[in-house]
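Numbering (mature numbering (1 follows the signal peptide of the UniProt record, and there is no 0)), first residue to last: -18 to -1, 1 to 426.
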């Protein structure tokens, strides 16, 4: 769920189920502009509004409409929302938890969640699905009549492959109608680097002649959206719950006013080494190379800090989605790699949810000092991160919506599969997940 205030400021306002609390002294602002009018949802809120220089307290406990003061993006009749300074809002609504949304409900609930699919589809027909049988990192599978089959599996981190297929299986099972899932054959690649015309984890931010072929990839949700056991992180929802508990007792003022980073300079040594150099000796710095026994932090511990340093690794880094669960500010050089949710990153403007610095981090000190000197601006950016990701797009509903839209988009650009004989479909997922093999040993 998301609220966007493009024309006015709101004071921090508590959610109420009846009546309104007394207004609080509002901040200065500029007059709003005019919007449209349409019903979009149902919430119970109190808002302190400045409109054309005048302050008023407004109660809303009915169907909301867009007016000359508001631009709302609420969906569903059971959303419960909290308003923040500068018009930010955090909502926990039923649509972010529902796994059985229709295609139109997915589009309405997550209006900017599928831009990468449109980008991929616009490249045109792929034709026959690439095979890559037995190659490292690849796995070939199919969906036939609403059933997931595994056709071939190359070697790689087993948990990554399983986590991706678990997501796909959940998206199939929770589809409102089996008829909406087309029969398709596809190849997934769980390596960090993308592959051409397969389902990959990331692509180059700036396609070039040198990387054009490999950049013709289709972005899928990362395996960590299911679980990431190797670094002891676990499921995304589990991390989200822990983060929520940690942040319950924190305000922006009580967070640690330091920039935090843990990692290895072995991967992407130039970028990470320059961060270490620029942060050395600074009062605001808690930037350290990772030592698992001495200075490791849990994902929820990162959320105790105001400033989270994001560094890409071999390609993208899986830590970004966990940072986006925090009411903190993510700071990074311009990103060289895109994931399926990259279109939601805003480095400037009223919806800013990431702060970009120079490629060599040389302006990091100035950026931190600016944010420290402007706490209202800093808190707005941190709130935007939570509003966009933790409360909205990093949710199970968005995940299954993305997968089902990906199935349909893929079917539009690949050769029709048609009816495949039972013996030629592969090994059913239910059997493969138990044994991790395409063929079981016969015992009799």
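Using N, Cα and C, we set each Cβ at its ideal position, and we do this for glycine too.
Taking residue 334 as the centre and dropping the five residues before and after it, the same chain places the C-beta of 328, 363 and 366 closer than 7 Å to its C-beta, in chain order.
Contact annotation: residue 102 and residue 382 have beta-carbon atoms that are not nearer than 7 Å. Closest in alpha carbon position to residue 337, among 288, 375, 80 and 246, is 288.
For residue 388, DSSP assigns no beta-bridge partner whatsoever. Between residue 268 and residue 237, the C-beta gap is not smaller than 7 Å, which leaves the two residues out of contact. The beta carbon of residue 350 lies closer than 7 Å to those of 241, 266 and 289 in the same chain, with the five residues before and after it left out. Closest option to residue 233, judged by alpha-carbon separation, among 296, 95, 91 and 357: 357. Exclusion of the five residues before and after residue 391 leaves 99 and 103 as the residues of its chain whose Cβ lies within less than 6 Å of its Cβ. Leaving aside the five residues that flank residue 207 on each side, the residues in its chain whose CB is nearer than 7 Å to its CB run, in chain order, 149, 218 and 381. Note that the stretch 273 to 289 touches the stretch 309 to 316; at least 3 beta-carbon pairs, one per stretch, sit closer than 8 Å. Counted as a single uninterrupted DSSP element, the stretch harbouring residue 234 is not any alpha helix (DSSP H), since DSSP gives it neither H nor E.
Taking the Cα positions, residue 353 is about 51 Å away from residue 110. The beta carbon of residue 187 is closer than 7 Å to those of 317, 318, 319 and 320 in its chain, skipping five residues each way along the sequence.
Counting along the chain, the unbroken beta strand (DSSP E) around residue 168 starts and ends at 166 to 171. Counting along the chain, residue 144 sits inside the alpha helix (DSSP H) bounded by residues 140 to 155.
If you ignore the 5 residues before and after residue 171, its C-beta comes within less than 6 Å of the C-beta of 119, 120, 177, 180 and 182, all in its own chain and listed in chain order. In the displayed model, residue 126 falls within a strand according to three-state DSSP. In this structure, residue 326 sits near residue 94, with a CB-CB distance shorter than 7 Å. For residue 268, the enclosing beta strand (DSSP E) begins and ends at 267 to 271. Take residue 125, set aside five residues on each side of it, and the residues of its chain with a beta-carbon closer than 7 Å to its own are 154, 163, 165, 166 and 389, in chain order. Setting aside the 5 residues that flank it on each side, residue 247 is surrounded in the same chain by 254, 255, 258 and 271, each with a C-beta closer than 7 Å to its C-beta; the list follows chain order.
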